[in-house]
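Just below is one structure, and these are the notes that go with it.
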Amino acid sequence: MVAKEVNSIKGLGPGGKKPVTYYCLSEVAKRNSMKEIWLVIHRHVYHITCFLSKHPDGEKVLLEQAGADARESFEDVGHSSDTREMLKQYCIVDVHPSDLKPESGKKEPSKRDACQSCWSF
Ligand code: HEM
Numbered sequence: 007m008v009a010k011e012v013n014s015i016k017g018l019g020p021g022g023k024k025p026v027t028y029y030c031l032s033e034v035a036k037r038n039s040m041k042e043i044w045l046v047i048h049r050h051v052y053h054i055t056c057f058l059s060k061h062p063d064g065e066k067v068l069l070e071q072a073g074a075d076a077r078e079s080f081e082d083v084g085h086s087s088d089t090r091e092m093l094k095q096y097c098i099v100d101v102h103p104s105d106l107k108p109e110s111g112k113k114e115p116s117k118r119d120a121c122q123s124c125w126s127f
């Protein structure tokens, strides 16, 4: 796991037992350059610096979303299920529940589980 403990927030994971670390969107927003690029898709934070040059549609589209919530553009493109599977390896942590906006048809943010347990999107 690549996550650094910089202004991160400790919380409790599924069942209220296992401690987990979340990042606020303000922390994610700082990682917005070629040097270090993070983005958010469906409440997970992805560290994709090493993937930039490998993206089939080029770096530019990823840099445009750097440090931000890329869910809409990620979904608009209709990425394949293989890509969604591949995405998991870049997940470093979850967005803090207090920073989450409800997505239609999903659970309340405050009840969401930790990173490892919610890959449904
Ligand atoms: C971490 C996030 C992302 C990953 C890991 C990723 C990965 C991939 C992969 C593996 C492909 C080829 C297979 C497929 O179509 O599913 C692809 C295609 C594509 N991606 Fe992404 N992508 C990401 C984010 C984005 C974002 C934010 C955009 C914004 C517009 C985007 C735009 C595209 C486009 C347009 C294609 C089609 C390229 C073509 O067919 O020539 N991707 N992406």
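For the sequence shown, the working numbering assigns the number 7 to the initial residue and increments by one for each residue that follows.
Backbone N, C-alpha and C define an ideal beta-carbon position, used for all residues, glycine too.
query: What would DSSP say about PRO105, mapped onto helix, strand or coil?; result: As written in the sequence, residue 105 is Asp, which differs from the Pro given in the question. Reduced to three states, the DSSP call for ASP105 is helix.
query: Please report how far the alpha carbon of GLN95 lies from the alpha carbon of LEU58, in whole angstroms.; result: 14 Å
query: Please report the straight-line C-alpha distance between LEU69 and PRO103, rounded to a whole angstrom.; result: 25 Å
query: Helix or strand or just coil, what does DSSP make of ASP63?; result: coil
query: Return the CA-CA distance between GLU56 and ARG90, expressed in angstroms with no decimal places.; result: Here residue 56 turns out to be Cys, not Glu, going by the sequence shown. If you take the alpha carbons of CYS56 and ARG90, they lie about 17 Å apart.
query: If we ignore side chains and look at the alpha-carbon of each, how far apart do CYS98 and ARG37 end up?; result: A small correction: the amino acid at residue 98 is Ile; Cys does not occupy that position in the sequence shown. Their Cα atoms are separated by approximately 13 Å.
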